[in-house]
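Participant:
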Ligand SMILES: Cc1ncc(C[n+]2csc(CCOP(=O)(O)OP(=O)(O)O)c2C)c(N)n1
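In my numbering, the protein residues as written are 1 to 378.
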């Protein structure tokens, strides 16, 4: 299979004066992200955004300030989030702002992928057609990329407005980082899930976030032969676990609702903190597994290292906030939160520890949903 090295790809972009990157990571671009994170090419800028809507706006600001074209990378799942600024900000009928979209094509028809990618995979090209955004499904061939970039430049000169490059998996050759990102936190996602699940009594349900966290929870439940009916695996809709949990908590005041959130996911939809605080369900526990990266898509940093989640939660009317770094603190926390009223926020610092293949929920999402709803009814 043909693949392109990250350096060659970046060099071609630089040749076409494309040096500003922003976006939300997708595993399709994990090697490119690694390359960008340690590249010493001075002209390159890469800002990892909270969500795809923000990324489009950021690249628009870049264009307004420089008259140059910014690149926005995203998984196709993020295209929905980007639709609003694409249609109401960048569109040729509004401000005509040129942006080169780099879209990872998950759920491509005919290829095996997880269920949450199926619909978006099927409609990605149709959606771009509907948005009247021209696109190229890029072949991993440098001359071809160069030719397409010339074409895109003409598009930007004549029409302005966005243009999309669609990327299949395995477009980029593997890039080995010189220095692997590490942190020294003692707890792993696995440790935390085991410890929390083992300390639950029978009144809680868990809503878990997109990516590795749901997969770890699933795998642990399988290994213990537990029913999955007390967990709602939010395998798609990144950032929405806490809002799904809020919807449940408000209707089921006798069930404790525990959210297993990621730092990237929590930041993606941070406004949810305020809706949680405003509605203030006492049975709501928001746990953030904070490894400071988007681990599920290859370990790209989130903004978490500069975010004081506790301060944000407190200022949003959460009733208790806890910061956990050790096993002992986590055990104490589990006892403490049993008798306290929510909303409660627990931020747990998590070690980067994933090198194993994790299982994915293997039944249809609808089947898990039905089991979960049956349990909630009791
Ligand atoms: C809207 C949207 N954008 C991007 C993705 C791709 N994606 C899946 S998981 C993930 C990373 C989640 O990071 P975090 O919440 O910090 O959890 P971690 O992976 O570190 O466990 C991303 C970016 C997505 N699923 N949806």
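Even glycine gets a Cβ: it sits at the ideal position worked out from N, Cα and C.
1. Closer than 6 Å by C-beta to residue 164: which residues in its own chain qualify, once you throw out the five before and the five after it? Chain order, please.
2. Let me make sure I understand the geometry here. Which of 171, 90, 85 and 272 has the alpha-carbon closest to that of residue 7?
3. Any heavy atom of ligand 1 closer than 7 Å to the beta-carbon of residue 196?
4. Would you identify the three-state DSSP class for residue 159, choosing helix, strand or coil?
5. If you draw a straight line from the alpha carbon of residue 19 to that of residue 13, how long is it in whole angstroms?
6. If we ignore side chains and look at the alpha-carbon of each, how far apart do residue 52 and residue 313 end up?
7. In terms of DSSP beta bridges, what is residue 67 paired with?
8. Is the beta carbon of residue 286 within less than 7 Å of some heavy atom of ligand 1?
9. Could you check where the alpha helix (DSSP H) with residue 189 kicks off and where it finishes?
10. Give the range of the alpha helix (DSSP H) segment to which residue 120 is assigned.
11. Tell me whether the beta-carbon of residue 22 lies closer than 8 Å to the beta-carbon of residue 44.
12. Below 8 Å CB to CB, which residues in the same chain sit around residue 216 once its five sequence neighbours on both sides are set aside?
13. Distance, Cα to Cα, residue 231 vs residue 375?
14. Closer than 6 Å by C-beta to residue 78: which residues in its own chain qualify, once you throw out the five before and the five after it? Chain order, please.
15. Any heavy atom of ligand 1 closer than 7 Å to the beta-carbon of residue 118?
16. Counting beta carbon pairs with one atom in the region 343-352 and one in the region 282-299, are three or more of them shorter than 8 Å?
17. Does the region 171-183 come close enough to the region 312-329 to have 3 or more Cβ pairs within less than 8 Å?
18. For ligand 1, is there any heavy atom lying closer than 7 Å to the beta carbon of residue 77?
19. Shortest alpha-carbon distance to residue 4 belongs to which of 140, 220, 302 and 223?
Facilitator: Straight from the coordinates:
1. The residue given as residue 164 occupies position 164 in the chain shown. So the qualifying residues of the chain are 101, 103, 128, 133 and 135.
2. Here the question's residue 7 lines up with position 7 in the chain shown. Nearest of 171, 90, 85 and 272 to residue 7, Cα basis: 171.
3. For the purposes of this step, residue 196 is taken as residue 196 along the chain shown, with counting starting at 1. No.
4. Taking the chain shown and counting its residues from 1, one reaches residue 159 at position 159. DSSP places residue 159 in coil when its eight states are reduced to three.
5. As a position in the chain shown, residue 19 is number 19, starting the count at 1. As a position in the chain shown, residue 13 is number 13, starting the count at 1. For residue 19 and residue 13, the distance between alpha carbons rounds to 7 Å.
6. Residue mapping note: residue 52 aligns to position 52 of the chain shown, counting from 1. Residue mapping note: residue 313 aligns to position 313 of the chain shown, counting from 1. Between residue 52 and residue 313, the C-alpha separation is close to 23 Å.
7. Position 67 of the chain shown, counting from 1, holds the residue named residue 67. Bridge partners of residue 67: none, in fact.
8. Taking the first residue of the chain shown as position 1, residue 286 is located at position 286. No - ligand 1 has no heavy atom lying nearer than 7 Å to the Cβ of residue 286.
9. For the purposes of this step, residue 189 is taken as residue 189 along the chain shown, with counting starting at 1. 189-198 is the extent of the alpha helix (DSSP H) around residue 189.
10. The residue you call residue 120 lines up with position 120 of the chain shown. Taken as a continuous stretch (DSSP letters only), the alpha helix (DSSP H) holding residue 120 covers 118-130.
11. Within the chain shown, residue 22 is the residue found at index 22, counting from 1. Within the chain shown, residue 44 is the residue found at index 44, counting from 1. No. Outside cutoff.
12. Here residue 216 refers to the residue found at position 216 when the chain shown is read from its first residue. Excluding sequence neighbours, residue 216 sits near 189, 190, 193 and 358.
13. Position 231 of the chain shown, counting from 1, holds the residue named residue 231. Position 375 of the chain shown, counting from 1, holds the residue named residue 375. Roughly 10 Å separates the two Cα atoms.
14. Taking the first residue of the chain shown as position 1, residue 78 is located at position 78. Taken in chain order, the residues that qualify are 24 and 52.
15. On the chain shown, position 118 is the one that residue 118 refers to. No, the beta carbon of residue 118 sits no closer than 7 Å to any heavy atom of ligand 1.
16. yes
17. no
18. For the purposes of this step, residue 77 is taken as the residue at position 77 of the chain shown. Within the cutoff, so yes.
19. Locating residue 4 in the chain shown gives position 4, where the first residue counts as 1. The residue with the shortest Cα to Cα distance from residue 4 is 140.
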